[in-house]
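Residue numbers are given in UniProt numbering: position 18 of the sequence shown equals residue 18, and the series is strictly consecutive.
Built from N, CA and C at the ideal position, the CB exists for glycine as well.
What you are looking at is a predicted structure, and each value in this text was computed from that prediction instead of being measured.
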Amino acid sequence: MRENLLMKGDISISLRIKRIVTELCDGNQSEFARKIGISESNVRSYLIGTTPKADVLEKIVNNIAISYEWLLTGEGSMLRDEQTSPQSPYQIIDTEQHTGKDSTFHDEKRAVYKIKIENDIYKELYEKEHEKNTGLYIKIGNLEEKLGAVHKEIDELIKRIELLEKELAENKK
């Protein structure tokens, strides 16, 4: 029974690795091996059911931004949430970029992450500006009330002046 559970787990991890190779490396086992820094023969063995050791799983997670939880259990999102990842893509040194080989995947990941960061920054700026604007609308409302009161006072003063001028004119007669 225990062997069956392990077997199922091994196959599941193998299927998840196969999905990573298929979806993120266009089915290219060599590219996958190069990205995580292992041999192609090891990749082939993992794809047919050999359980990868913890260090290999860590390489997959760190070099391809795969979620630990998804890789180990199949639950959650396959791709790791970049904002909560232990490493920032800006700190990753892409060996493929330095060797001149295809690094489209990493470039796209960086671009998506950069867009997420920019969106978060714009959202924060928007929220701050919205808060300032709300405060200004309140101040404007208060000033309009005060201005209305001042206009009322001016109207009363004008009426008072007119009344006094009328009285003065009558007293001069």
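Check                                                                                                                              : Outcome
If you draw a straight line from the C-alpha of Leu147 to the C-alpha of Leu157, how long is it?                                   : 15 angstroms
Going by alpha carbons, who is nearest to Ala65 out of Arg16, Thr134, Arg80 and Asp107?                                            : Arg80
Give the range of the alpha helix (DSSP H) segment to which Thr104 is assigned.                                                    : Thr104 to Lys172
Could you check where the alpha helix (DSSP H) with Ser30 kicks off and where it finishes?                                         : Gln29 to Ile36
CA-CA distance, Ile36 and Gly135?                                                                                                  : 52 angstroms
If you compare alpha carbons, which of Ser30, Gly49 and Ile20 is closest to Ser14?                                                 : Gly49
For Ile66, name the three-state secondary structure that DSSP assigns.                                                             : strand
Tell me whether Ala149 is buried or exposed, calling it buried when 16 or more other Cβ atoms sit within 10 Å of its Cβ.           : exposed
With a 10 Å radius around its C-beta and 16 neighbouring C-beta atoms as the bar for buried, classify His106 as buried or exposed. : buried
So is Asn63 buried or exposed if we call it buried at 16+ other beta carbons inside 10 Å?                                          : buried
Following the continuous alpha helix (DSSP H) through Glu40, name the residue where it begins and the one where it ends.           : Glu40 to Leu47
Thinking C-beta only, is Ser30 closer than 8 angstroms to Glu40?                                                                   : yes
On the CB-based measure, 16 or more other CB atoms within 10 Å of its CB, does Tyr122 come out buried or exposed?                  : exposed
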